[in-house]
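Only one structure is covered here, and it is reproduced in the block below.
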Amino acid sequence: MEAVLKTRGFEVVGDLLGLTPLRYEDRRSLAPLEQLEADREVLTAGRIQSIREGRFPKSGRPYFEITVAEGEGRLLALWFRLPVHLRRTFKAGQRLILFGRPQDYKGSLSMVHPEVRPWDGVPPPGEVRPIYPEIEGVRPGALRRVMGQAVQDLTGLPAVFPRTWLEAHRLNDPLDDLRTLHRPPADRPGPLPRPEESRAGRNLALFELLYLQLILMRSRARQNQAAGWACPENSKLAADFLAGLPFRLTPGQDRAWEEIRGDLITPRPMNRLLQGDVGSGKTVLALAAALTAVD
Numbered sequence: 023m024e025a026v027l028k029t030r031g032f033e034v035v036g037d038l039l040g041l042t043p044l045r046y047e048d049r050r051s052l053a054p055l056e057q058l059e060a061d062r063e064v065l066t067a068g069r070i071q072s073i074r075e076g077r078f079p080k081s082g083r084p085y086f087e088i089t090v091a092e093g094e095g096r097l098l099a100l101w102f103r104l105p106v107h108l109r110r111t112f113k114a115g116q117r118l119i120l121f122g123r124p125q126d127y128k129g130s131l132s133m134v135h136p137e138v139r140p141w142d143g144v145p146p147p148g149e150v151r152p153i154y155p156e157i158e159g160v161r162p163g164a165l166r167r168v169m170g171q172a173v174q175d176l177t178g179l180p181a182v183f184p185r186t187w188l189e190a191h192r193l194n195d196p197l198d199d200l201r202t203l204h205r206p207p208a209d210r211p212g213p214l215p216r217p218e219e220s221r222a223g224r225n226l227a228l229f230e231l232l233y234l235q236l237i238l239m240r241s242r243a244r245q246n247q248a249a250g251w252a253c254p255e256n257s258k259l260a261a262d263f264l265a266g267l268p269f270r271l272t273p274g275q276d277r278a279w280e281e282i283r284g285d286l287i288t289p290r291p292m293n294r295l296l297q298g299d300v301g302s303g304k305t306v307l308a309l310a311a312a313l314t315a316v317d
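Count the sequence shown with our numbering and you get residues 23 to 317, in order.
Set out below in C-alpha cells:
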C-alpha cells in the first residue's frame, strides 16, 4: 500500500494528515430497532428471526435477506449476490450488530448491504468513524488504519505555537485540532458536525490562512532586502508628462501615483499590482512610472 500511496502523492505522514475526512459515521451507541428512522445512518442490533434467499422474478438477480427483531422493532437486511460462504455465517436466533442507512419500503424499514457482525449482547465501545475520500488501489478500511497510525505519530511532537500565545487568542494547538479532526471523541454529545464545520476544522482553516500569511510576509521581507537602484525623487520626464495631460488626475489617481513614486525612489525593487476599471487611468500611471525609471 505504501507504493500506491506514493504514486498518489502521499510521500510523508504530513501528506496523509492533510487528507480531511468527508464526513463521520456515528457509531457512538446502539439505537433500538423500534426507534430507527428512514434515511438516517445508524448502529443497531437484533436477533435473526428469519432467513430467506431467492431470485427476483423479472431480472433473475439473486438476493439474500434476513429479518432481525428486538423488542417491538423489526428490520429487513438485504444483499444482492452475497457469496455462499457469507450466507452460511447467518443462523436463526443469532444476534447481530448492523450499521447502515434504513430505507422505507412499503411501510417497513430495510437496509441494503449493511455492515454486520456477531453480537454477544455487550454494548460495543462508542466510535465516531471518519470517512475519507476514495484513493484508487487503497481499501477504505486499510486507509483508516493507516490514518489512525498517522494520528498516533503526532504524539510527542513539539508544539508549533507558544501555549501562552494560543491561550491569549483562545485557540487550541493545531496538533490537537488535527487529532480531533481525524479522531473525534466518542463521548461528544449531540449530533456530529461535518468535519469542515467542526471547531477543529474551523481552527485548522484559520491556521492555514495564518501559515499562508507568514509565507507571504517572509517572501516580502526577502524581496525588501533585494538590491536595486533608486529613481530620482523628482522626475522631470514624469512631471512634464503629467502636466501635459488634457485632464487632471483624480484624488484616487493622485494617491496611487504617490504610492508608486514612493516605491520608485527607494533602493529596492518595486513589486506592485495596479488594479482598476477600464478607463480608470492605469496606463497613465504606468507610463509615468516608466518615465521616472528612464529619467
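The C-beta atom is built at its ideal place from N, Cα and C for all residues, glycine as well.
In the segment 206-272, which residue ranges form an unbroken alpha helix (DSSP H) of at least 4 residues, counting only runs that do not cross its ends? Runs found: 221-246, 258-265.
Once you ignore the five residues that flank ALA164 on each side, which residues in its own chain have a CB closer than 8 Å to its CB? Translated into the one-based positions of the sequence shown, residue 164 becomes position 142. Excluding positions up to five away in sequence, the list reads MET23.
Measure the C-alpha to C-alpha separation of TRP10 and LEU286 and round it to an integer number of angstroms. Any question about residue 10 goes unanswered here, given that the chain covers just 23 to 317.
Kindly give me the distance between the Cβ atoms of PRO155 and LEU41, rounded to whole angstroms, as I take these residues to be in contact under 8 Å. As a working mapping, residue 155 is identified with position 133 in the sequence shown. As a working mapping, residue 41 is identified with position 19 in the sequence shown. Your pair PRO155 and LEU41 checks out as a contact, with CB atoms roughly 7 Å apart and the cut at 8 Å.
Pull up the distance between the alpha-carbon of GLY223 and that of LEU203, whole angstroms please. Translated into positions along the sequence shown, residue 223 becomes position 201. Translated into positions along the sequence shown, residue 203 becomes position 181. Between GLY223 and LEU203, the C-alpha separation is close to 6 Å.
Sheet register partners of TYR154 (DSSP bridge): In the sequence shown, the residue the question calls residue 154 occupies position 132. According to DSSP, TYR154 bridges with nothing at all.
Alpha carbons only, please: which of ILE237, TRP187, GLY159, ASP175 is nearest the one belonging to ARG30? Counting from 1 along the sequence shown, the entry for residue 30 is found at position 8. When each option's Cα is compared against that of ARG30, the closest is GLY159.
Best match in ALA315, MET292, GLU219, ARG240 for proximity to ALA260 [C-alpha to C-alpha]: Residue 260 sits at position 238 when you count from the first residue of the sequence shown. When ALA315, MET292, GLU219, ARG240 are compared, the shortest CA-CA separation from ALA260 is found for ALA315.
On the three-state DSSP scale, how would you describe ASP126? To locate residue 126, count along the sequence shown from 1; it is residue 104. Three-state DSSP puts ASP126 in a strand.
Would you tell me roughly how many angstroms separate the C-alpha atoms of SER220 and LEU313, rounded to the nearest one? Residue mapping note: residue 220 aligns to position 198 of the sequence shown, counting from 1. Residue mapping note: residue 313 aligns to position 291 of the sequence shown, counting from 1. Approximately 54 Å, taken between the alpha carbons.
Proximal residues to MET292 (C-beta, below 7 Å), its chain only, five neighbours per side dropped: Counting from one through the sequence shown, the residue named residue 292 turns up at place 270. Taken in chain order, the residues that qualify are ASP285, LEU286.
Three-pair Cβ contact test at 8 Å for the segment 41-51 versus the segment 70-82: Taking 8 Å as the limit for Cβ pairs, the verdict is that the segment 70-82 does not touch the segment 41-51.
Give the DSSP bridge partners of ARG117, in chain order. Here residue 117 is taken as the residue at index 95 of the sequence shown, counted from 1. BP columns for ARG117 point to ARG69.
Identified DSSP bridge partners for LEU104: By 1-based counting over the sequence shown, the position of residue 104 is 82. LEU104 is not bridged to any residue.
Suppose the cutoff is 8 Å on Cβ atoms and the five residues either side in sequence are ignored; what does the same chain contact list for VAL173 look like? Along the sequence shown, read from residue 1 onward, the residue named residue 173 stands at position 151. These residues qualify, in order along the chain: LEU39, LEU200, ARG201, HIS204, ARG205.
What does DSSP give as the partner residue(s) for ARG74 in the beta ladder? Position 52 of the sequence shown, counted from the first residue, corresponds to residue 74. According to DSSP, ARG74 bridges with GLU87.
LEU295 in three-state terms, based on DSSP: Residue mapping note: residue 295 aligns to position 273 of the sequence shown, counting from 1. In the three-state DSSP reduction, LEU295 falls in the coil class, being neither helix nor strand.
Taking all protein chains shown into account, decide if PRO273 is buried (16 or more other Cβ within 10 angstroms of its Cβ) or exposed. Position 251 of the sequence shown holds residue 273. Classification of PRO273: exposed, given that the 10 Å Cβ count is below 16.
Three Cβ pairs or more, each shorter than 8 Å: is that satisfied between the segment 56-71 and the segment 79-87? With the cut-off at 8 Å, the segment 56-71 and the segment 79-87 do not touch.
When the distance is taken between beta carbons, is GLN57 closer than 9 Å to GLY95? Here residue 95 refers to the residue found at position 73 of the sequence shown. Here residue 57 refers to the residue found at position 35 of the sequence shown. For GLY95 and GLN57, yes; Cβs fall inside 9 Å.
Starting from the C-beta of GLN71, find all residues in its chain whose C-beta is less than 6 Å away, skip the five residues before and the five after it, and write them out in chain order. In the sequence shown, the residue the question calls residue 71 occupies position 49. These residues qualify, in order along the chain: THR89, ALA91.
Given that a residue counts as buried once 16 or more other Cβ atoms are within 10 Å of its Cβ, and exposed if not, what is PHE32? Counted from its first residue, the sequence shown places residue 32 at position 10. Its Cβ being crowded by 16 or more others within 10 Å, PHE32 is buried.
Would ARG166 and ARG45 qualify as a contact pair, given that the criterion is a beta-carbon distance under 9 Å? If you number the sequence shown from 1, residue 166 lands on position 144. If you number the sequence shown from 1, residue 45 lands on position 23. No, they are not a contact pair.
Burial state of MET169 (16 or more Cβ within 10 Å): By one-based count along the sequence shown, residue 169 stands at place 147. MET169 should be labelled buried.
What whole-angstrom Cβ distance do ARG69 and ARG117 have, given they're in contact under 8 Å? Here residue 69 is taken as the residue at index 47 of the sequence shown, counted from 1. Here residue 117 is taken as the residue at index 95 of the sequence shown, counted from 1. That pair is a contact at about 5 Å.
Can you grab the Cα-Cα spacing for the pair PRO211 / LYS80, in whole Å? Along the sequence shown, one-based indexing puts residue 211 at 189. Along the sequence shown, one-based indexing puts residue 80 at 58. The straight-line gap separating the alpha-carbon atoms of PRO211 and LYS80 is approximately 47 Å.
State the Cα-Cα distance for the pair ARG244 and ILE237, rounded to the nearest angstrom. Sequence index remark: in the sequence shown, residue 244 carries index 222 (1-based). Sequence index remark: in the sequence shown, residue 237 carries index 215 (1-based). Computed Cα separation, rounded: 11 Å.
Can LEU226 and PRO196 be called in contact, C-beta distance under 9 Å? For the purposes of this step, residue 226 is taken as the residue at position 204 of the sequence shown. For the purposes of this step, residue 196 is taken as the residue at position 174 of the sequence shown. The answer is yes: Cβ separation under 9 Å.
Closest to TRP101 by C-alpha separation, out of HIS135, GLY93, TYR127, LEU120, would be which residue? On the sequence shown, residue 101 is found 79 positions in, with the first residue counted as 1. Nearest option by C-alpha distance: HIS135.
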